[in-house]
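To start, the structure itself, in structure tokens.
Chains as they are written, first to last, in this note's numbering: chain Y, 127 to 328; chain F, 135 to 259.
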């Protein structure tokens with residue numbers, strides 16, 4: 127549709143949208159997160175959902191106790207290697223469409239415990255992460271910003287065509303392999319389909 | 135207007151509307167799943183939810199329900215109380231048939247009590 131005509135109609139109070147936009151508008155404003163905290167970032171996540179920061183303004187206050195009912199996993203805190211298989215399993219048990227926000231330095235990279243023997247160096251080694259939030263811990267505003275970023279991402283997702291969102295594509299996987307406890311590390315140490323180590327150019 | 139409207143026609147209209155509201159979204163969801171958004175079941179997704187841990191053993195185990203004995207005893211005395219008070223109030227004005235029926239009813243309840251007694255429920259261990 128012509129942008130000028132659309133703008134003219136909007137000024138008259140008539141909104142013209144595609145069905146796709148209406149669909150994305152609806153689901154981006156009713157994302158239900160999984161009630162799932164791993165460490166101190168969870169406190170900030172709880173603060174974000176409470177009255178002062180009020181995540182419910184964005185339709186995301188309905189923290190679900192079961193992955194079957196959740197759309198969004200907020201990985202809030204340090205993912206230890208002991209906990210990583212459970213995180214991946216919970217992600218696998220969520221129905222499509224599902225999104226992941228990795229909250230805080232630990233969840234995105236291991237953070238201050240990166241050199242520790244028992245901490246996973248970022249949950250994006252096993253599951254696809256949509257939004258990364260740096261910070262230790264990130265303030266609730268940062269989580270809200272990440273959430274708005276996710277909303278923009280959902281709003282831009284296509285329903286049809288070759289570049290449609292992955293949950294519309296029957297060939298794209300919905301489950302990701304769950305790592306096992308190995309002798310020294312998780313086996314495998316990463317999912318190469320999801321994450322490859324960054325190439326350092328010196 | 136032509137034919138006389140049936141006075142209960144609005145009930146039919148309400149029923150059809152209610153059915154439409156209930157079934158319509160389900161049909162839309164099924165069509166959406168069939169043509170646009172494919173279902174992606176999997177072993178992990180379909181497994182029992184156990185807070186992210188793998189569930190051990192079978193959930194379909196025989197469960198010994200002890201509480202039903204207390205439920206039966208409660209029912210015996212509860213029903214007896216409800217029916218015995220009106221029975222006692224109206225006792226002098228009742229016919230022989232009514233009294234016999236009531237006695238049979240009480241006998242049935244007492245059977246439940248006797249059964250529980252024989253089973254040893256009344257003994258505190």
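All residues carry an ideal CB built from backbone N, CA and C; glycine is no exception.
Between residue 220(Y) and residue 193(Y) the beta-carbon gap is near 4 Å, inside 8 Å, which marks them as a contact. Our two residues, residue 165(F) and residue 146(Y), have alpha carbons roughly 16 Å apart in a direct line.
Put simply, the CB of residue 244(Y) is far from chain F, with every gap to its CB atoms at 8 Å or more.
A direct Cα-Cα distance of roughly 38 Å separates residue 256(Y) from residue 154(F). Residue 173(Y) has its alpha-carbon roughly 34 Å from the corresponding atom of residue 319(Y). Rounded to the nearest whole angstrom, the C-alpha separation of residue 226(Y) and residue 152(Y) is 19 Å. Residues of the same chain with a CB within less than 8 Å of the CB of residue 290(Y), apart from the 5 flanking positions on each side, are 283, 284 in chain order.
Distance from the CA atom of residue 218(Y) to the CA atom of residue 296(Y), rounded to whole angstroms, is 16 Å.
Under the Cβ distance rule, residue 160(F) does not count among the residues neighbouring chain Y, no pair being separated by less than 8 Å. Taking C-beta separations shorter than 6 Å and ignoring five residues to either side along the sequence, the partners of residue 247(F) in its chain run 210, following chain order. Residue state for residue 313(Y) is assigned as strand, using DSSP reduced to three classes. Note that the C-beta distance between residue 231(Y) and residue 203(Y) is not below 8 Å. DSSP places residue 307(Y) within a strand segment (E or B) once states are collapsed to three. The beta strand (DSSP E) runs of length 3 or more contained entirely in the stretch 221-249 of chain F do not exist; there are none.
In the three-state reduction of the DSSP assignment, residue 159(Y) falls in the strand class, which pools E and B.
One Cα belongs to residue 273(Y), the other to residue 292(Y), and the distance between them is close to 19 Å.
Cβ proximity to chain Y below 7 Å picks out 170, 171, 172, 174, 176, 178, 179, 183, 186, 187 from the stretch 162-192 of chain F.
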